[in-house]
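Here the structure is laid out as structure tokens; the discussion comes afterwards.
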Amino acid sequence: MAAHTTEAGVAPADLLDAYRTMLRIRLAEETILRLRLAGTVVGSVHLEIGQEAIATGVVGARDGVSDPVFSTYRGHGWALACGVTVKALFAEVAGRVGGPNDGRGGSAYFSAPDVGFLGENSIVGGGVPIAVGAALAGRFDGSNRVAISVFGDGATNQGGVTESLNLAAAMRLPVLFVCENNRYSELTKIIDMVGNPDLAARAAAYGMPGLHVDGNDVLAVRAVAREAIERARAGGGPTFIEAHTQRLTGHYIGDAETYREPGELDAARADEPLERIRRSLAELGWDEAAIADLEAPVRAEVETAEREVLELPFVDPSTVREHLYG
């Protein structure tokens, strides 16, 4: 789609592309929320509404599918940013034929290696040592890949994460560690769980750069991630990026969110990544109709995916033992 021209100027194509990706994630997550409440999707579901700029920015900086992504259980948006289609995502979380794992992974465990999404992990911080292992393997298989490890602020206190950071730094492995700091470790403020809330500052103790970035600014995230990935690929070792954001939903579906401060979500909604881009477009002269035209194909894509997936058959339970290694 060409950039929309107005009397005030032209919106940068990369900003429009990022907006479409983030909108796709947002609408998909809102649909999954609705389907979960209706009982169409079952099981544990964690949404990243409000955090879309981090996945969009980081994945936009990688070298295609050759740089694998290892996310948390809050990974729908990372999968979509990597290239999983909305229909495939919906099929997976709804247990239908046609998902990346044919409905076997569900919301919390699916992977899509064909687009470089090596999967979610329901163990807090569990994907970090796996990503480090992938980076180590890449040193010997000649792939020159950079592994991207995603985890939340609470995971930084896990022993496995600490060991992985140390190993990656000691061996100068090509890993990008992305900490999505959404202010809460499940239901507790991260500032109440650490002596120093500057999580990126820990990186220096391991011997790697530790950087902060505004996690609601997709272009800033992409710029920082690109520099870190290029450095890792050139042999400079790992980088720790702390991306500051805030989720606009509960930790899980059904979370009463009694830990929120009064007015906290109102302030967060005014500063969330999609709203920021809408304001930028308005400053460039885009009116509501022009923005709606930009959004229309993405909205249609998500609506069509939902309709088509609900017509798909459920996965045959008798095949549950297929595609296993033993």
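According to the numbering used here, the sequence shown is numbered sequentially starting from 10.
Backbone N, C-alpha and C fix where the C-beta goes; we use that ideal spot for every residue, glycine too.
Keep in mind the model is a prediction, meaning the values are calculated, not measured.
Cut-off 7 Å between Cβ atoms - residues of its own chain near residue i, not counting five sequence neighbours on either side
i, result
"Gln255", "Gly59, Asn191, Arg192 and Ala277"
"Gly216", "Ala178"
"Val227", "Ala27, Met31, Ala62, Thr65, Gly66 and Pro282"
"Gly84", "Glu129"
"Leu208", "Asp162, Thr165, Cys188, Asn190 and Glu251"
"Leu257", "Ile58, Gly59, Leu274, Ala277, Arg278 and Glu281"
"Glu239", "none"
Residue j beta carbon less than 8 Å from that of residue i
i, j, result
"Val318", "Phe126", "no"
"Ala241", "Ile250", "no"
"Gly104", "Val324", "yes"
"Leu42", "Leu303", "no"
"Leu293", "Ala20", "yes"
"Val184", "Val155", "yes"
"Leu176", "Val133", "no"
"Val74", "Val124", "yes"
"Val93", "Val50", "no"
"Leu182", "Ala214", "no"
"Arg287", "Ile300", "yes"
Three-state secondary structure (DSSP) of residue i
i, result
"Tyr193", "strand"
"Phe149", "helix"
"Asp23", "helix"
"Ser120", "coil"
"Ala265", "coil"
"His253", "strand"
"Ala70", "coil"
"Val324", "coil"
"Asp98", "For clarity, residue 98 is Leu in the given sequence; the question names Asp instead. Helix."
"Leu293", "coil"
"Ile63", "helix"
"His221", "strand"
"Arg330", "coil"
"Ser173", "helix"
"Ala229", "helix"
"Ser158", "strand"
"Val187", "strand"
"Val78", "strand"
"Arg105", "strand"
"Thr258", "coil"
Proximal residues to residue i (C-beta, below 6 Å), its chain only, five neighbours per side dropped
i, result
"Tyr82", "His55, Ala117, Glu129 and Ser131"
"Val68", "Ala90 and Cys91"
"Leu333", "none"
"Arg148", "none"
Alpha carbon of residue i to alpha carbon of residue j, nearest angstrom
i, j, result
"Ala146", "Thr267", "44 Å"
"Pro247", "Cys91", "21 Å"
"Gly163", "Glu320", "39 Å"
"Ala305", "Leu283", "15 Å"
"Asp23", "Arg330", "43 Å"
"Asn110", "Ala265", "31 Å"
"Ala97", "Ser173", "32 Å"
"Gly108", "Thr313", "16 Å"
"Ser53", "Leu46", "12 Å"
"Gly224", "Ser327", "43 Å"
"Thr15", "Ala70", "Here Thr15 scores only 45 on pLDDT, less than 50, and its place in the model is too uncertain to base an answer on."
"Asp150", "Arg235", "23 Å"
"Val78", "Ala121", "10 Å"
"Leu290", "Ala309", "21 Å"
"Ser80", "Gly169", "15 Å"
"His13", "Gly244", "Because His13 sits at a pLDDT of 47, beneath the cut-off of 50, its placement in the model cannot be relied upon, and the point is left open."
"Met202", "Thr171", "16 Å"
"Ser152", "Gly204", "39 Å"
"Glu297", "Leu44", "29 Å"
"Gln167", "Ala212", "15 Å"
"Trp295", "Ala88", "30 Å"
"Arg29", "His253", "21 Å"
"Gly48", "Val307", "25 Å"
"Phe119", "Ser194", "23 Å"
Spatial neighbours of residue i in its chain, beta-carbon cut-off 8 Å, leaving aside the 5 residues before and after
i, result
"Val311", "Arg33, Leu36, Ala37, Thr40 and Val95"
"Ala210", "Gly219"
"Arg316", "none"
"Val106", "Ala100, Gly112, Leu321, Pro322, Phe323 and Val324"
"Pro206", "Ile199 and Ile200"
Next on the checklist: Across the segment 155-164 and the segment 131-147, are there enough close Cβ pairs to call them in contact, namely three or more that are closer than 8 Å?
Outcome noted: yes
Next on the checklist: Check whether the segment 257-267 and the segment 223-234 touch, using three or more Cβ-Cβ pairs below 8 Å as the test.
Outcome noted: no
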